[in-house]
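**Student:** Just so it is clear: in the sequence shown, position 7 is 7 by UniProt numbering, and no numbers are missing. No residue lacks a Cβ here, since even glycine has one placed at the ideal position from N, Cα and C. Just so it is clear, the structure is predicted and the values come from calculations on it, not from any experiment. Structure below; questions to follow.
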Amino acid sequence: MVYHRDTTHKCDFHVVPEDQVGTADDSLYSVAIMPNGNIIAGLKKKVLVELDPRNGEILHTMPVKIKPFFLAVLSNGWIVISDNQQGLVEIVEVSNGNAVTVTRIQPTIDGKPVRYCKGVCSNSSGIYLAVNTDKYNTGHIHHYNCAGQFVSCVAQRLYSPQGMTFTADGQQLAVADRHSVKMYHTM
1 MVYHRDTTHK CDFHVVPEDQ VGTADDSLYS VAIMPNGNII AGLKKKVLVE LDPRNGEILH
61 TMPVKIKPFF LAVLSNGWIV ISDNQQGLVE IVEVSNGNAV TVTRIQPTID GKPVRYCKGV
121 CSNSSGIYLA VNTDKYNTGH IHHYNCAGQF VSCVAQRLYS PQGMTFTADG QQLAVADRHS
181 VKMYHTM
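In structure tokens, the structure reads:
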């Protein structure tokens with residue numbers, strides 16, 4: 001749904017063609033905004049859909065290799081996809097209506113692959129990713145550069161980190177940690 005500034009309903013955007021609404025697995029997991037203003041929606045069936053924000057027109061439907069539970073968009077337009085179930089992240093570039101894998105991130109904690117990759121966001125210094133094992137209080141926030149290379153561990157021992165975003169001034173990272181919001185200074 002899209003709303004006017006006064007919060008009145010403006011319109012709904014469907015992520016599959018109208019004749020397929022309710023017939024295909026069109027479960028919507030995530031959404032992000034491209035540098036050009038277009039909307040990117042991540043669907044359960046391992047598909048990204050690019051929508052025109054003015055009218056909801058489906059511009060591109062692009063299969064991807066992992067489920068897009070969480071999305072972030074880098075300043076160069078690359079899309080960061082975080083798959084909660086596989087514990088993987090892919091960075092894709094949209095080219096001619098196709099999502100082409102640039103690189104894959106397989107995060108680790110104490111040298112072992114993580115069980116879950118969750119919230120993801122980005123700024124000019126790179127990608128921030130919430131990860132954890134299959135136990136509570138093992139969550140980390142990892143920082144990667146825009147090429148997907150590990151930079152640092154920003155936080156450890158989080159209960160179960162989920163979504164995250166930057167404050168308006170970009171100086172802090174707000175993390176939803178199941179029962180609380182935790183704030184971290186960014187680099």
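By alpha-carbon positions, which one of 158, 168, 74, 152 ends up nearest to residue 135?
**Tutor:** Translated into positions along the sequence shown, residue 135 becomes position 135. In terms of CA proximity to residue 135, 158 leads the group 158, 168, 74, 152.
**Student:** Based on DSSP bridge pairs, tell me the residues matched to residue 107.
**Tutor:** As a first step, residue 107 is located in the sequence shown; it is residue number 107 there, counting from the start. Paired residues: none, contrary to the question.
**Student:** Taking the continuous beta strand (DSSP E) assigned at residue 139, which residues delimit it?
**Tutor:** Taking the sequence shown and counting its residues from 1, one reaches residue 139 at position 139. Element bounds for residue 139: 139 to 144.
**Student:** If you count every other CB in all the chains shown that lies within 10 Å of the CB of residue 179, and 16 or more means buried, which is it?
**Tutor:** Translated into the one-based positions of the sequence shown, residue 179 becomes position 179. Exposed, since its Cβ has fewer than 16 Cβ neighbours within 10 Å.
**Student:** For the structure I just gave you, are there three or more beta carbon pairs, one from the segment 154 to 168 and one from the segment 92 to 107, closer than 8 Å?
**Tutor:** no
**Student:** Taking the CB atoms as reference points, tell me whether residue 89 and residue 100 lie closer together than 8 Å.
**Tutor:** What you label residue 89 is simply residue 89 of the sequence shown in a count that begins at 1. What you label residue 100 is simply residue 100 of the sequence shown in a count that begins at 1. Not a contact, by the Cβ cut-off of 8 Å.
**Student:** By the three-class DSSP mapping on this structure, what secondary structure does residue 118 have?
**Tutor:** Here residue 118 is taken as the residue at index 118 of the sequence shown, counted from 1. Strand at residue 118.
**Student:** Near residue 86, which residues of its chain fall below 7 Å by C-beta distance, leaving aside the five closest residues on each side in sequence?
**Tutor:** Translated into positions along the sequence shown, residue 86 becomes position 86. So the qualifying residues of the chain are 66.
**Student:** Check residue 149 in the structure and name its three-state DSSP category.
**Tutor:** Translated into the one-based positions of the sequence shown, residue 149 becomes position 149. Taken through DSSP and simplified to helix, strand or coil, residue 149 comes out as coil.
**Student:** Touch check for the segment 109 to 129 and the segment 56 to 64: three-plus C-beta pairs under 8 Å?
**Tutor:** The segment 56 to 64 and the segment 109 to 129 do not touch, with fewer than three beta-carbon pairs separated by less than 8 Å.
**Student:** Would residue 168 be called buried (16 or more neighbouring beta carbons within 10 Å of its own) or exposed?
**Tutor:** Sequence index remark: in the sequence shown, residue 168 carries index 168 (1-based). Burial call: exposed.
**Student:** How would you label residue 142, buried or exposed, when you count the other beta carbons within 10 angstroms and need 16 or more for buried?
**Tutor:** In the sequence shown, counting from the first residue as 1, residue 142 sits at position 142. The residue in question, residue 142, is buried, as its Cβ has 16 or more Cβ neighbours within 10 Å.
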